[in-house]
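Here the sequence shown stands for residues 93 to 636, where the numbers follow the numbering used here. One structure below.
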Amino acid sequence: MLHIKEIAAKLGLSESDIELYGDYKAKVKLDVYKRVENNPDSKLILMTAITPTPAGEGKSTTTVGLGQALNRLGKKCTVALREPSLGPCFGIKGGAAGGGYSQVVPMEDINLHFTGDIHAIGTAHNLLAAALDNHLKQGNELGIDPTQITWKRVVDMNDRALRNIVIGLGGKAHGVPRQDGFMITVASEIMAILCLASDLMDLKERMGNIVIGYTYEGRPVRAKELQVHGAMAALMKDAIKPNLVQTLENTPAFIHGGPFANIAHGCNSIMATKLAMKLSDYVITEAGFGADLGAEKFFNIKCRFAGLKPDCAVIVATARALKMHGGVPKNNLTEENLEALAKGIENLDKHIENVQKFKVPVVVAINRFPTDTEAELEFIREHCEKLGVPVALSEVWAKGGEGGIELAETVLKVLETTPAEFEPLYDVNLPIKEKIETIAKEIYGADGVIFTKNCEKQIEKLTEHGFDKMPICMAKTQNSISDDPTLLGRPRNFKITVREIYVSAGAGFLVALTGDVMTMPGLPKRPAAVDIDVDAEGRITGLF
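Spelled out as structure tokens, the structure:
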């Protein structure tokens, strides 16, 4: 690793432009963007993927590897990624810093406490929760209905026992008893706000606009009515600054913000992306899970709010995952199976179609695994070529930037020859149901949408309160393009059921819940934490 001052210098930043967090991490001061905002924008490349499986896809790894490869080709490239959530690092998912020779470093720091952003988000969120319950205890002047409070508490740990709790027990001195619950911190609306805010004052205003619940008369109550949004913003004054680190090959990397993609919008912060675009010629950013989730929200939410116009999208696919989508059990994925590959590749087809609906050029990256056969790799390559979609083999896990040269050259050719004509999928001024139906039919391939009676009432209420002119953030399983996690490949002849919808007024979108999406993950039978340890010198092992 180079000292972070040297990485900043690659971007034209001086030591006075950054705040050091040790030798290898830094935050970029907020006034830097004002100085460079008239610089031309870089080319913006989105990294997305097929529907994830336990077989692995390698989106973050490919993002890092492509960035390293572009720099090897003499291009000035920066990557912009999300911060990992602490809870999943000790659970089943692991970290999110790439892998092999295409990692962001220091990996242990990034996957654990990093620069404290997520802790700040949790503290600001829980300050609002504490102020809310104190308001009830002190006489409830606003007339908030305790049964209609929507603001839960958060902790950055997988802990299913906290999903549904009762608080305020122990007598009058200890508050008003009511049902409550915890979410994992990255599911907090404040995380979404951090990633969509344009500056500190915008962040404060957005936090003041958070709807925390409803009065007995049904009026929405906002956080600013409790008068603590200024204090919340004070807690976030450092968290809002983009974090700068590096890859194993010293490519600059901004890692800032990390909302869940199956609940929130799954993209890193607008501030980090826009700053990177002013300091580089090429920026690669990623969006969580498959293109039906992260990419759809990147295009319809992040790009809409930030005024971004992506130039290209790369869809990561693996032969292993496509075979799994074709019905092969995880234990048999090392065996060549072209028949299953031919069936499972429909999943890739659908994701290609989804990105093309936004009028953005597509490149397919085949992330090579050691057990892939030449016949399998050639099958995917020929299939993409028949569709007229550029395709390249990626070996960045094993070879770093060198293993991404073919992919980098393919992306550069697309950027030079195929201009993007990006546009969002729907008009935000359409009725709520119409926007949801557009996403369900166009992106998921559903025949239609079933709205529960409860959801119908919520839509009426949201429309009545003027919340209907917002983008939709679909909360859906990541394991299927449909809302049924067991349906792999390219599901057909199904309908999406929307059981609930609520407003994230600070973030500026409506969240539509399909299926049984958990905002608080649990730990598996054998958590990853069992294998994590530290020695007397402070060296951490078992974290991945």
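Even glycine gets a Cβ: it sits at the ideal position worked out from N, Cα and C. Computed from a predicted structure; not experimentally measured.
The C-beta distance from S572 to D373 rounds to 38 Å, too long to meet the 8 Å contact threshold. By the neighbour-count definition (other C-beta atoms within 10 Å, threshold 16), I304 is a buried residue. Non-local beta-carbon contacts of A432 in its own chain, meaning distances under 7 Å to residues more than five positions away in sequence, involve K415, G418, G419, V420 in chain order.
In the three-state reduction of the DSSP assignment, M566 falls in the strand class, which pools E and B. Contact annotation: M293 and P334 have beta-carbon atoms that are not nearer than 9 Å. Between the stretch 136-145 and the stretch 386-397 there are three or more C-beta pairs closer than 8 Å, enough to call the two in contact.
DSSP places K394 within a helical segment (H, G or I) once states are collapsed to three. For L340, there is no enclosing beta strand (DSSP E), as DSSP marks it with neither H nor E. The DSSP-derived three-state label of P180 is helix. Secondary structure remark: continuous alpha helix (DSSP H) runs of at least 4 residues inside the stretch 137-223, in chain order: 151-164, 178-181, 199-203. If you keep only unbroken alpha helix (DSSP H) runs of at least 4 residues inside the stretch 499-570, you get 524-531, 545-556. Cβ atoms of G179 and P616 stay farther apart than 8 Å, at about 12 Å. The criterion of a C-beta distance shorter than 9 Å is not satisfied by A604 and I542.
One thing to note: I472 has its Cβ within 9 Å of the Cβ of I437. For L286, the three-state secondary structure derived from DSSP is helix. Rounded to whole angstroms, the gap between the alpha carbons of R298 and A597 is 8 Å. D272 carries a strand assignment under DSSP once its states are collapsed to helix, strand and coil.
For the options L635, F391, Q160, the alpha carbon positioned closest to that of E341 is the one of Q160. Under the three-state reduction of DSSP output, Q230 falls in the coil class, being neither helix nor strand. Buried is the label assigned to I282, since at least 16 other Cβ atoms lie within 10 Å of its Cβ.
In chain order, L219, L220, A223 place their CB closer than 7 Å to the CB of V320, counting only its own chain and leaving out the 5 sequence neighbours on each side.
Around the Cβ of I593, a 10 Å sphere holds 16 or more other Cβ atoms; the residue is buried.
Between the stretch 530-544 and the stretch 393-404 there are fewer than three inter-stretch CB-CB distances shorter than 8 Å, so the stretches are not counted as touching. Looking at the DSSP output, K442 bridges to nothing.
With contacts defined by Cβ atoms closer than 9 Å, E200 and A188 do not form a contacting pair.
Take A279, set aside five residues on each side of it, and the residues of its chain with a beta-carbon closer than 8 Å to its own are V246, P351, F352, I355, A356, T611, M612, in chain order. A direct Cα-to-Cα measurement between G634 and I393 gives close to 36 Å.
Taking 8 Å as the upper bound for CB-CB distance, K296 and A325 are in contact here, some 4 Å apart.
With a beta-carbon spacing of about 6 Å, M562 and G600 fall inside the 8 Å limit used to define contacts. In the DSSP assignment, D625 forms a beta bridge with T633. A residue is called buried when at least 16 other Cβ atoms come within 10 angstroms of its Cβ; T578 does not meet this threshold and is exposed. In this structure, the alpha-carbon of P482 lies about 17 Å from that of T155. In the same chain as V455, and ignoring 5 residues on each side of it, the C-beta atoms closer than 6 Å to its own belong to V406, P482, T502, V503, V506, in chain order. Under the criterion of beta carbons closer than 8 Å, L336 and I624 do not qualify as touching, at roughly 26 Å. Under the DSSP assignment, L112 falls in the beta strand (DSSP E) whose first and last residues are 110-112.
Counting along the chain, V481 sits inside no beta strand (DSSP E), nor does DSSP assign it H or E at all.
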